Amino acid sequence: MFIDKQIFGAPLAGISDKPFRKMVRMFSPSAPLYTEMISCHSLVEKHKNCLRNFDRYDDEGYIGAQIFGADENLMAEAAKILQDAGATWIDINMGCPVPKVATRSGAGAYLMRDHKLAGRIMNAVVKAVKIPVSIKTRLGWDEEHKDWQDLIHVAIDSGISFAALHGRTRSQLYLGKSDLPLKPDLPLPIVANGDIKNKDDVKHMFDLGYDGAMIGRALLGRPWILGELSGVSKKPDNVGKVVLKHLEIMLEYYGNKNAIQMFRKHAAWYSAGMSNSSEFRIKVNQITDKKILKSVIEEFWSC
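Residue numbers (the numbering used here): 2 to 304.
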């Protein structure tokens, strides 16, 4: 069995919001979790259309707030805001591959191409806060530039506390197979990430020498998986009650209209592989009333 704090819940854009983290916490009280990635510009400028800019983390346990951006001063300011909001540690996104972040904004995975800028950002954030700072990155920009170890050495020099490494290059996006190498002898803890779905995958990462394992897409529709892997909980007998609780928390956080629309993807993930799941998803995608949605969920899971 694996130690609870060795199993991380990954930052997942559009998914690992406060309601989702509350669901994970029901099954894994101590696991380290990440926020969604947060724009330093949006946070510092207090964009009101982004609820996560105003989250408090004091009641969330062991949580890393992940920020992205290309301006070291704004990144430092954002880190201070998140520290004051109760984050356990700050994470700098250096792996997001989507063009909006990695090319047009010069942030995320782009920092793998500009180690000097990456170093300035890391130094600025580390100096700005009193809590630990980590980075999350990839193997490199593409197959010809797998220089992640160089970036790790910059991180070590900058005072970074640990790193998470995704086993794909930026050019792979999320396609193909994640393929992490043996962890080299580096004086920095590294958490493995990418295609880790079960206990065998976690064991393989530790056999490769990594100091932790980060679960990403395997969390979708299974907020209990971190608890399963660390042995503190198991899959609930009635998943429908979990689905209803998730909906309730989302309604409270986002309001009826937004919550119902956003919950549709979660309903699809929870129901994946079940009998009549296609019909269930079609029905859910047409519902705009919370009472009807709850009734449909109760009927589908017999709860």
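A virtual CB, placed ideally from N, CA and C, is assigned to each residue, including glycine. Remember, it's a predicted structure, so these values are computed and weren't measured experimentally.
Asked                                                                                                                                                                        : Found
Please tell me whether A129 and E46 are closer than 9 Å, where the distance is taken between their beta carbons.                                                             : no
Along the alpha helix (DSSP H) that carries I261, what are the first and last residues, could you check?                                                                     : N257 to S272
Quick check: the Cα distance between I161 and I226, rounded to an integer number of angstroms?                                                                               : 28 Å
Look up A77 in the DSSP assignment and say whether it is helix, strand or coil.                                                                                              : helix
Leaving aside the five residues before and after P335 along the sequence, list all residues of the same chain whose C-beta is less than 8 Å from its C-beta, in chain order. : Residue 335 is absent from the model: the chain starts at 2 and stops at 304.
Quick one: which unbroken alpha helix (DSSP H) runs of 4-plus residues sit fully inside the region 88 to 125? Chain order, please.                                           : 100 to 103
Near D180, which residues of its chain fall below 7 Å by C-beta distance, leaving aside the five closest residues on each side in sequence?                                  : G168
Around the Cβ of Q7, are there at least 16 other Cβ atoms within 10 angstroms (buried) or fewer (exposed)?                                                                   : buried
What number of angstroms, rounded off, separates the C-alpha of K49 from the C-alpha of W270?                                                                                : 29 Å
Mapping the DSSP letters down to three states, classify M38 as helix, strand or coil.                                                                                        : coil
Please list, in chain order, all residues of the same chain as A273 whose beta carbon is under 7 Å from its beta carbon, the five residues on each side excluded.            : G222
Taking 7 Å as the limit between beta carbons, can you name the residues of its chain near A14, skipping five residues before and five after?                                 : E37 and M38
So, with DSSP's three-state summary, where would you put R169?                                                                                                               : coil
For L52, tell me which candidate among K81, N259 and G228 has the shortest Cα-Cα distance.                                                                                   : N259
Given a threshold of 16 other Cβ atoms within 10 Å of its Cβ, counted over all protein chains shown, does Q67 qualify as buried or as exposed?                               : buried
May I ask you to report which of helix, strand or coil DSSP gives S231?                                                                                                      : helix
Are the beta-carbon atoms of P98 and L174 separated by less than 9 Å?                                                                                                        : yes
Quick one: grab the DSSP three-state call for S135.                                                                                                                          : strand
Measuring alpha carbon to alpha carbon, tell me which residue in A71, T138, P33 and L75 is nearest Y58.                                                                      : P33
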